[in-house]
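Protein chains: 2
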Amino acid sequence: MAELITVDDPGDPRLRDYTDLTDVELRRRREPAEGLFIAEGEKVIRRALSAGYPLRSLLLSAKWAEAMRDLLATLNAPVYVVDPGLAERVTGYHVHRGALASLHRKPLPTAGELLADARRVAVMEAVNDHTNIGAVFRSAAALGMDAVLLSPDCADPLYRRSVKVSMGAVFSVPYARLDAWPRGLDAVRAAGFELLALTPDEKAVTLDEAAPHRLERVALMLGAEGTGLSRRALAAAGTWVRIPMAHGVDSLNVGAAAAVAFYAVASGRPVG
Amino acid sequence: MAELITVDDPGDPRLRDYTDLTDVELRRRREPAEGLFIAEGEKVIRRALSAGYPLRSLLLSAKWAEAMRDLLATLNAPVYVVDPGLAERVTGYHVHRGALASLHRKPLPTAGELLADARRVAVMEAVNDHTNIGAVFRSAAALGMDAVLLSPDCADPLYRRSVKVSMGAVFSVPYARLDAWPRGLDAVRAAGFELLALTPDEKAVTLDEAAPHRLERVALMLGAEGTGLSRRALAAAGTWVRIPMAHGVDSLNVGAAAAVAFYAVASGRPVG
Chain Z
1273 MAELITVDDP GDPRLRDYTD LTDVELRRRR EPAEGLFIAE GEKVIRRALS
1323 AGYPLRSLLL SAKWAEAMRD LLATLNAPVY VVDPGLAERV TGYHVHRGAL
1373 ASLHRKPLPT AGELLADARR VAVMEAVNDH TNIGAVFRSA AALGMDAVLL
1423 SPDCADPLYR RSVKVSMGAV FSVPYARLDA WPRGLDAVRA AGFELLALTP
1473 DEKAVTLDEA APHRLERVAL MLGAEGTGLS RRALAAAGTW VRIPMAHGVD
1523 SLNVGAAAAV AFYAVASGRP VG
Chain E
1273 MAELITVDDP GDPRLRDYTD LTDVELRRRR EPAEGLFIAE GEKVIRRALS
1323 AGYPLRSLLL SAKWAEAMRD LLATLNAPVY VVDPGLAERV TGYHVHRGAL
1373 ASLHRKPLPT AGELLADARR VAVMEAVNDH TNIGAVFRSA AALGMDAVLL
1423 SPDCADPLYR RSVKVSMGAV FSVPYARLDA WPRGLDAVRA AGFELLALTP
1473 DEKAVTLDEA APHRLERVAL MLGAEGTGLS RRALAAAGTW VRIPMAHGVD
1523 SLNVGAAAAV AFYAVASGRP VG
């Protein structure tokens, strides 16, 4: 049984993992440096624990400490019980979901380890928006992608907003970072993957024509909202594919484009 | 040429269209009652004007008044030039995009008018999240849906957040509200549309099996995030369709699900 500790001083050093959660720049530096990340809401916290992330502590309102009693009974970490006003003073925002967890990061697998077992991989370049990263992971999990590879300048999938938008899919879809970009793609190709680059360029074949569900091993490359894949990344791809757009529309949201492409990769095949 | 009016009093009654923009409840009542809506950012404002929404006024920083000079030359409405601090005091938030427009609403077409010319229609039930409404419109425009029908309890596509997330697609995809729900669906069926309900229910056929791109006229029904379509709406549908999900994932985000379904409807056909 976890130890329940009522805290009423917002300056209590035991709450340090949860301070200034709305300061994105600060948290982006601090969390990887300190080897922690934050999960929010009961469902997502349970998913993080199920995925084997070691718990550092929980910060709960009294109401949620009661609601999550069955879970607390299985834990071995401090549980700080605070009133909602204090939670807001510490974190900087009103914690709607009433429950925050601080968890230890785990070492990431290497790209090589992921590629050995995968057949359908999403590769993201410079996707630095936490909402978009989370949305892509959620769709990747739902549509049966095996793994995600990230260029060095992609945002952190374990940042609080990414975790939340993904509904915890960042815990279930394994991911790795490519250290060299786009050179790291050579290893993907060498592992037997066909590299498909998603682009609105008219020279690209349509997703229908590319028929990615027929390929044995597919790596589907996605760029950031607005800018898309870089020229260097496009040059490294084997095939350019596009989603046909209605007249006058420049692009889909990257989350929507990813969902469509993942669906096309999975199409007609049993998933899961 | 529009008249440029420098305003330095946040209480100036001419700025009333822009007050309390962060008070969602207030604005949700006020905007339809007063027949106005707000568009944000140069690109989206241009799209609203191109789509024929009459301009009430603009609220710009001096920088944007300069950047948008070509547009202002064509307008016949007051342009209020304010400094960013005053814009924030009036609206309640920091206006990142530096340009707001207040526009008149237009009368909505009836469902019957839309159905006469359409072949691919999205029908939303109780989607009351402005971000999701906007995302669905953006994908509907990009993937060539002809029109959108809304149940009476869907959120307003012209609310500022919906407009922004849609990138202005709410101006280009015509939409109507069904007054009776789900009874209004009878008219959709009577107009020759096959009603497909998107649901995770295992009794549904897969989207692949349903092959909606082969149907002459398709109405694709989508429910809200989390709850999905109501039992009454499901009962009114001709066919239940599902997107196959990987093991253990409960659902896609409604925007992602809509994009996948719209793609399947358009699949293999030229769009636009």
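From first to last, the protein sequence lines stand for chains Z and E.
Per the working numbering, residue 1273 is the first one in the first sequence, and the count goes up by one each step.
Per the working numbering, residue 1273 is the first one in the second sequence, and the count goes up by one each step.
No residue lacks a Cβ here, since even glycine has one placed at the ideal position from N, Cα and C.
Just so you know, these numbers come straight off a predicted model, no measurement behind them.
Beta-carbon proximity check, residue i vs residue j, cutoff 8 Å
i, j, result
"Z:Leu1467", "Z:Val1460", "yes"
"Z:Tyr1290", "Z:Ser1411", "no"
"E:Val1296", "E:Met1439", "no"
"E:Leu1415", "E:Ala1531", "yes"
"E:Ala1546", "E:Asn1400", "The first residue shown for chain E is 1273 and the last is 1544, placing residue 1546 of chain E beyond what the model contains."
"Z:Leu1347", "Z:Ala1419", "no"
"Z:Ala1491", "Z:Val1408", "no"
"E:Val1435", "E:Ala1311", "yes"
"E:His1402", "E:Leu1308", "no"
"E:Leu1430", "E:Gly1370", "no"
"E:Pro1354", "E:Gly1406", "Position check: residue 1354 of chain E holds Val in this sequence, whereas Pro was assumed. Their beta carbons are not under 8 Å apart, which means E:Val1354 does not touch E:Gly1406 by this criterion."
"Z:Met1517", "Z:Pro1484", "no"
"E:Leu1343", "E:Ala1337", "no"
"Z:Ala1465", "Z:Val1521", "The residue asked about is misnamed: residue 1465 of chain Z is Phe in this sequence, not Ala. No, Cβ-Cβ distance for Z:Phe1465 and Z:Val1521 is not below 8 Å."
"Z:Met1340", "Z:Glu1306", "no"
Proximal residues to residue i (C-beta, below 7 Å), its chain only, five neighbours per side dropped
i, result
"E:Arg1504", "Pro1454"
"Z:Gly1544", "Note on Z:Gly1544: pLDDT 38, under 50, position unreliable in the model; no value is reported."
"E:Asn1404", "Glu1497, Val1526, Gly1527"
"Z:Pro1304", "Asp1428"
"Z:Pro1326", "Leu1375, His1376"
"Z:Ala1390", "Asp1418, Ala1419"
"Z:Ser1539", "His1485"
"E:Pro1282", "Leu1358, Arg1361, Val1362"
"E:Met1493", "Val1395, Glu1397, Leu1467, Leu1468, Ala1469, Leu1470, Leu1501, Ala1505, Ala1509"
"E:Arg1432", "Leu1293, Ile1310, Glu1312"
"E:Arg1489", "Arg1391, Gly1464, Phe1465, Glu1466"
Coarse secondary structure for residue i, derived from DSSP in three states
i, result
"E:Glu1312", "strand"
"E:Leu1430", "coil"
"Z:Ile1277", "strand"
"E:Ser1539", "coil"
"Z:Leu1331", "strand"
"Z:Val1513", "strand"
"Z:Gly1544", "Note that Z:Gly1544 has pLDDT 38, beneath the 50 cutoff, so the model's placement of it is unreliable and no number is given."
"Z:Asn1404", "helix"
"E:Tyr1325", "coil"
"Z:Val1526", "helix"
"E:Pro1304", "helix"
"Z:Asp1295", "coil"
"Z:Val1532", "helix"
"E:Asp1289", "helix"
"E:Ala1337", "helix"
"E:Ala1518", "coil"
"E:Gly1283", "coil"
Enclosing alpha helix (DSSP H) for residue i [first to last residue]
i, result
"Z:Tyr1352", "Taken as a continuous stretch (DSSP letters only), Z:Tyr1352 belongs to no alpha helix (DSSP H), being part of the beta strand (DSSP E) at 1351 to 1353."
"Z:Arg1449", "Element bounds for Z:Arg1449: not the alpha helix (DSSP H) but the beta strand (DSSP E), 1447 to 1449."
"E:Leu1344", "1341 to 1344"
"E:Leu1506", "1503 to 1508"
Own chain residues within Cβ distance below 6 Å of residue i, not counting five before or after
i, result
"E:His1366", "Glu1360"
"E:Glu1397", "Ser1423, Gly1495, Leu1501, Ala1505"
"Z:Thr1294", "Gly1364, Tyr1365"
"E:Leu1387", "Ala1463"
"Z:Val1445", "Phe1409, Ala1412, Ala1413, Val1420"
"E:Leu1479", "Val1513, Ile1515, Ala1536"
"E:Arg1288", "none"
"Z:Ser1523", "Pro1472"
"Z:Ala1533", "Leu1470, Leu1492"
Sequence-distant residues of the same chain with beta carbon closer than 8 Å to residue i, five excluded per side
i, result
"Z:Leu1380", "Tyr1447, Ala1448, Arg1449"
"Z:Arg1286", "Ile1277, Val1279, Ser1329, Pro1350, Tyr1352"
"E:Leu1298", "Asp1292"
"Z:Pro1542", "Note that Z:Pro1542 has pLDDT 44, beneath the 50 cutoff, so the model's placement of it is unreliable and no number is given."
8 Å Cβ cutoff, residue i in contact with chain B
i, result
"E:Pro1484", "The chain inventory of the structure shown lacks chain B, comprising the protein chains Z and E."
Taking the runs of the beta strand (DSSP E) that are 3 residues or longer, which of them lie wholly in the stretch 1357 to 1402 of chain Z? 1371 to 1376, 1392 to 1396
Complete alpha helix (DSSP H) runs within the stretch 1415 to 1501 of chain Z (minimum length 4 residues, chain order) = 1432 to 1437, 1441 to 1444, 1457 to 1462, 1479 to 1482
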